[in-house]
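First the structure, in the form of structure tokens, and then the observations on it.
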Amino acid sequence: MQWTELIVFSVLFLLVTVMGFVAARWQQGATLDHLDEWGLGGRKFGSWITWFLVGGDLYTAYTFVAVPALMFGAGALGFYALPYTVILYPIVFLPLVRMWSVSRVHGYVTPADFVKGRYGSHWLALIIAITGIVATMPYIALQLVGLEAVLRSMGLNGSGILGHLPLFIAFVILALYTYQSGLRAPALIAFVKDILIYVVILVAIIYLPSKFGGWSHIFGTAQAKFDATPSKADGILLTGTNQLQYATLALGSALALFLYPHSLTGILASRGRNVIKRNMVALPAYSLVLGLLALLGFVAVSAGTKPIVNQATGRPDTNTIVPELFGHNFPSWFAGVAFAAIGIGALVPAAIMSIAAANLWTRNVYKEYIKKHATPAEEAKQAKLASLVVKFGAVAFIVFVDPQFSIDLQLIGGVMILQTLPAVAIALYTRWFHVWGLVAGWVAGMGYGMWLLYTIGNPAVGKQHFAGSALPLGNISILGWHPFGGSTTQIYVGIVALFVNLLVAVIVTLIAKRARVFNGTDQTDPSDYHVDEDNPRVKPVAAH
Amino acid sequence: MPSDPKTGLRWSNWNLLLIVPLLMLITPWFNMDEPRLFGLPFFYWYQFAFVPIGVLCVGLVYVKTKDQPVVTGKPDKLGVDDLDEGAN
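For the record, the sequence lines run as chains W and Y.
In this text, residue positions in the first sequence follow numbering that gives the first Met the number 0: the first is 0, and each later residue adds one.
In this text, residue positions in the second sequence follow numbering that gives the first Met the number 0: the first is 0, and each later residue adds one.
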């Protein structure tokens, strides 16, 4: 047991717990019994709060643990996280402000709310909502993986169910203050999380490389490690077969990120269009940190860091690479700060994700199908309960199911959420797609994507299915015809599935338009997409 | 930004700058070891250099389109009936 680390960690954890409960009164609105208040923090966050909140939301503990772990294991491919988070902002810059405006005029809380307003189809909204919930759940579970990685590094590495007890306690506390304070809790805690992360990464990136002989030496030892492995796919540079995978994985991840309901929650909670635009300029500061952090995967190679064996599963867990690197090379008090940064880094996104999933459940399932005339107070109550269910569902997942299953599911989740792009993102610009085209495209993209993921195996780790998202082009076949021959060039499955989705959507749209099938009613007006905070048409917050 | 009641898409040529950061997806341009900078292979520092490039492009678009909404696009092809509210 590492007592110094544990004490520093506990003190910081206690601090954010207090903040989480106090947050309910921070920038208080008239009532917390409304989704605008509980689920979107009053829709009035300014540039700074939004920067910390969205930054705290997108750059999660799992990212901070998994990206260096991927670099450690696979080399250059893991660096895709940098291009992913650089191209992200130019891509979403224009669509996000449109989404904000139309949501503000009509009081939308979730992406599925928008889809329902745009196409007048609660069925299309339902599949968007379910896709969002299913894709978010494993993401929450993964935050627990990040949290547990640091807990185990601090010596809380018990076996069996009891080994999960510290994790369980941390999550009960999180669940309670999210229940009470809603989105304000993660917004306030995000300040602590992000400042800690910045301090830790900057110190790590200045101190550790010089300790291990400078970057030249570090890349030298990393190269030597990858040369020694039988695999040809790893190395400090990309190989002939994984360049397309690298680019499409970065692009697909960037397209997918703001389709996740929790990312949109942070955007809809902001005060106005300029707040969002300024953030699109300022958020890449986190990308820089993420890129530097990724390089720590190679530093860990140089330092001879060994992943610790997870007592609950009995396998070495590469996600413990960064905590182990910090634990062995920092003075124990600073290692405690670093662990707290990662641990609190898990709480912020987990809270926001559970709120986003709860909003989807409440608005697009509960209010649509179970209680049509729910009052705003009933909606808020339902969302609070749903956030508890979601969080304990995630804990149960980690405790009772192999954590590897969550990692697989998150991989699938990325491909799934990408299939909502036509109905959510393209619909912001045009209603050209027919509602049945969108449904058919979703079914096709989802089915084909899942099937492709199922076929990807990795004999090296003894997995036959769901072993990754890199698909050899040669595996793509159309009724037995292989358009790419036996090519071993790899591509990200999500992009292939999205392509099929769009293709089917276009074909069905053309048929439906030919047959003059009714295309739903659009409740939005073209001018809604440009309304800003000072416009009289914005819907008053927390009113119905 | 003032809001025109009946406009569809707004376009400014400055928006084209948003395409520039996507150039970093062309991996053959930078998938090499030399020249190194501070010991970092070209592959890594080239991509780090795109962080400020991305910020600059998005920042320019923000500043340049803030005060002058350009209205040239065509409105959504919607009939008056499509705008009826109330129907499911």
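In this text, a Cβ means the ideal position worked out from N, Cα and C, and glycines have one as well.
Since we're looking at a predicted model, the values are computed, not measured.
Tell me which residues of the region 260–277 of chain W have at least one Cβ-Cβ distance to chain Y shorter than 9 Å, keeping chain order. Cβ contacts with chain Y: 272, 273, 276 and 277.
Residue-chain proximity (residue 424 of chain W, chain Y), Cβ-Cβ < 8 Å: Position 425 of the first sequence holds residue 424 of chain W. Cβ-Cβ to chain Y under 8 Å: no for residue 424 of chain W.
Answer with yes or no whether the minimum CB distance from residue 392 of chain W to chain Y is below 8 Å. Numbered from its first residue, the first sequence carries residue 392 of chain W at position 393. Cβ-Cβ to chain Y under 8 Å: no for residue 392 of chain W.
Can you tell me whether residue 428 of chain W is helix, strand or coil according to DSSP? In the first sequence, residue 428 of chain W corresponds to position 429, counting from 1. Taken through DSSP and simplified to helix, strand or coil, residue 428 of chain W comes out as coil.
Applying the 10 Å Cβ sphere with the 16-neighbour rule, what's the burial state of residue 537 of chain W? Here the question's residue 537 of chain W lines up with position 538 in the first sequence. Within a 10 Å sphere around the beta-carbon of residue 537 of chain W sit 16 or more other beta-carbons, which makes this residue buried.
Provide the residue span of the alpha helix (DSSP H) that contains residue 469 of chain W, from first to last. Start at 1 with the first residue of the first sequence, and residue 469 of chain W comes out as number 470. Taken as a continuous stretch (DSSP letters only), residue 469 of chain W belongs to no alpha helix (DSSP H), being part of the beta strand (DSSP E) at 469–471.
Cβ of residue 494 of chain W less than 8 Å from any chain Y Cβ? Counting from 1 along the first sequence, the entry for residue 494 of chain W is found at position 495. It does not; no Cβ of chain Y falls within 8 Å.
Going by the beta-carbon positions, is the gap between residue 142 of chain W and residue 59 of chain W smaller than 8 Å? Numbered from 1 along the first sequence, position 143 holds the residue referred to as residue 142 of chain W. Numbered from 1 along the first sequence, position 60 holds the residue referred to as residue 59 of chain W. For residue 142 of chain W and residue 59 of chain W, yes; Cβs fall inside 8 Å.
Which ranges does the alpha helix (DSSP H) cover as unbroken runs of at least 4 residues, wholly within the region 156–233 of chain W, from first to last along the chain? Here the runs fully enclosed are 164–180, 183–210 and 213–227.
Going by DSSP, what residues sit across from residue 44 of chain W in a beta bridge? Here residue 44 of chain W refers to the residue found at position 45 when the first sequence is read from its first residue. Residue 44 of chain W is bridged to W/269.
What residue range is occupied by the uninterrupted alpha helix (DSSP H) comprising residue 126 of chain W? Here residue 126 of chain W refers to the residue found at position 127 when the first sequence is read from its first residue. Segment 121–152, the alpha helix (DSSP H) holding residue 126 of chain W.
Over the uninterrupted alpha helix (DSSP H) stretch that includes residue 453 of chain W, give me the two end residues. Locating residue 453 of chain W in the first sequence gives position 454, where the first residue counts as 1. In this chain, the alpha helix (DSSP H) harbouring residue 453 of chain W covers 434–454.
Buried or exposed, going by whether 16 or more other CB atoms sit within 10 Å of the CB of residue 476 of chain W? Numbered from its first residue, the first sequence carries residue 476 of chain W at position 477. Residue environment for residue 476 of chain W: exposed (fewer than 16 other C-beta atoms within 10 angstroms of its C-beta).
Quick one: is residue 250 of chain W near chain Y, going by C-beta distance under 8 Å? In the first sequence, residue 250 of chain W corresponds to position 251, counting from 1. Contacts with chain Y at 8 Å (Cβ-Cβ) include residue 250 of chain W.
What distance in whole Å lies between the Cβ atoms of residue 541 of chain W and residue 36 of chain W, which are believed to be in contact at a cut-off of 8 Å? To locate residue 36 of chain W, count along the first sequence from 1; it is residue 37. To locate residue 541 of chain W, count along the first sequence from 1; it is residue 542. Confirmed, about 5 Å.
Just how far apart, CA to CA, sit residue 132 of chain W and residue 356 of chain W? Here residue 132 of chain W refers to the residue found at position 133 when the first sequence is read from its first residue. Here residue 356 of chain W refers to the residue found at position 357 when the first sequence is read from its first residue. Rounded to whole angstroms, the separation of the alpha carbons of residue 356 of chain W and residue 132 of chain W is 5 Å.
Along chain W, which residues have their Cβ under 7 Å away from the Cβ of residue 20 of chain Y? Here residue 20 of chain Y refers to the residue found at position 21 of the second sequence. By Cβ distance, chain W contributes 85, 86 and 89.
Looking at residue 75 of chain W: is its Cβ nearer than 8 Å to the Cβ of residue 393 of chain W? Within the first sequence, numbered from 1, the residue matching residue 75 of chain W stands at position 76. Within the first sequence, numbered from 1, the residue matching residue 393 of chain W stands at position 394. It is not a contact, given that the beta carbons lie outside the stated cut-off.
To the nearest whole angstrom, what separates the beta carbons of residue 251 of chain W and residue 93 of chain W, a pair I think is in contact under 8 Å? Position 252 of the first sequence holds residue 251 of chain W. Position 94 of the first sequence holds residue 93 of chain W. In this structure residue 251 of chain W is not in contact with residue 93 of chain W, their Cβ atoms being roughly 19 Å apart against a cut-off of 8 Å.
Could you tell me whether the Cβ atoms of residue 60 of chain Y and residue 28 of chain Y are closer together than 8 Å? Start at 1 with the first residue of the second sequence, and residue 60 of chain Y comes out as number 61. Start at 1 with the first residue of the second sequence, and residue 28 of chain Y comes out as number 29. By the CB criterion at 8 Å, residue 60 of chain Y and residue 28 of chain Y fall outside the cutoff.
Helix or strand or just coil, what does DSSP make of residue 462 of chain W? The count along the first sequence starts at 1 and reaches residue 462 of chain W at position 463. Residue state for residue 462 of chain W is assigned as strand, using DSSP reduced to three classes.
Taking the CB atoms as reference points, tell me whether residue 56 of chain Y and residue 16 of chain Y lie closer together than 8 Å. Mapped onto the second sequence, residue 56 of chain Y falls at position 57. Mapped onto the second sequence, residue 16 of chain Y falls at position 17. In this structure, residue 16 of chain Y lies closer than 8 Å to residue 56 of chain Y by Cβ.
Suppose you measure from the CA of residue 18 of chain Y to the CA of residue 189 of chain W; what does that come to, to the nearest Å? Start at 1 with the first residue of the second sequence, and residue 18 of chain Y comes out as number 19. Start at 1 with the first residue of the first sequence, and residue 189 of chain W comes out as number 190. Roughly 31 Å between the two C-alpha positions.
Length at least 4, wholly inside the region 358–423 of chain W: the alpha helix (DSSP H) runs in chain order: Qualifying alpha helix (DSSP H) stretches, in chain order: 375–399, 402–417 and 420–423.
Which residue or residues does DSSP assign as beta-bridge partners of residue 1 of chain W? Along the first sequence, read from residue 1 onward, the residue named residue 1 of chain W stands at position 2. Partner(s): none; residue 1 of chain W has no beta bridge.
Of all the CB atoms in chain Y, is at least one closer than 8 Å to the CB of residue 82 of chain W? One-based indexing of the first sequence puts residue 82 of chain W at position 83. Contacts with chain Y at 8 Å (Cβ-Cβ) include residue 82 of chain W.
Quick one: is residue 194 of chain W buried, meaning 16 or more other Cβ sit within 10 Å of its Cβ, or exposed? Residue mapping note: residue 194 of chain W aligns to position 195 of the first sequence, counting from 1. The residue in question, residue 194 of chain W, is exposed, as its Cβ has fewer than 16 Cβ neighbours within 10 Å.
Name the residue from W/315, W/55 and W/429 whose alpha carbon lies nearest to the alpha carbon of residue 285 of chain W. In the first sequence, the residue the question calls residue 285 of chain W occupies position 286. Residue 285 of chain W has its Cα closest to that of W/55, out of W/315, W/55 and W/429.
What whole-angstrom Cβ distance do residue 298 of chain W and residue 404 of chain W have, given they're in contact under 8 Å? Stepping through the first sequence from its first residue, residue 298 of chain W is reached at position 299. Stepping through the first sequence from its first residue, residue 404 of chain W is reached at position 405. Actually they are not in contact, since the Cβ atoms of residue 298 of chain W and residue 404 of chain W sit about 30 Å apart, beyond 8 Å.
Helix, strand or coil: which one does DSSP assign to residue 315 of chain W? Position 316 of the first sequence, counted from the start, is the residue given in the question as residue 315 of chain W. Judged by DSSP in its simplified three-state form, residue 315 of chain W adopts strand.
Under 8 Å, Cβ to Cβ, is there at least one residue of chain Y near residue 372 of chain W? Translated into positions along the first sequence, residue 372 of chain W becomes position 373. Not an interface residue.
Against chain Y, which members of the region 283–298 of chain W pass a CB distance test of less than 8 Å? Shown in chain order are the members of the region 283–298 of chain W whose Cβ falls below 8 Å from a Cβ of chain Y: 283, 286, 287, 290 and 294.
Using beta carbons (cut-off 8 Å, strictly below), is residue 301 of chain W in contact with chain Y? Sequence index remark: in the first sequence, residue 301 of chain W carries index 302 (1-based). Interface annotation, residue 301 of chain W: not in contact with chain Y, CB-CB separation never under 8 Å.
8 Å contact criterion, which residue 182 of chain W and residue 38 of chain W should meet: CB distance rounded: Walking along the first sequence from the start, residue 182 of chain W turns up at place 183. Walking along the first sequence from the start, residue 38 of chain W turns up at place 39. Between residue 182 of chain W and residue 38 of chain W, the beta carbon gap of about 6 Å places them in contact (Cβ cut-off 8 Å).
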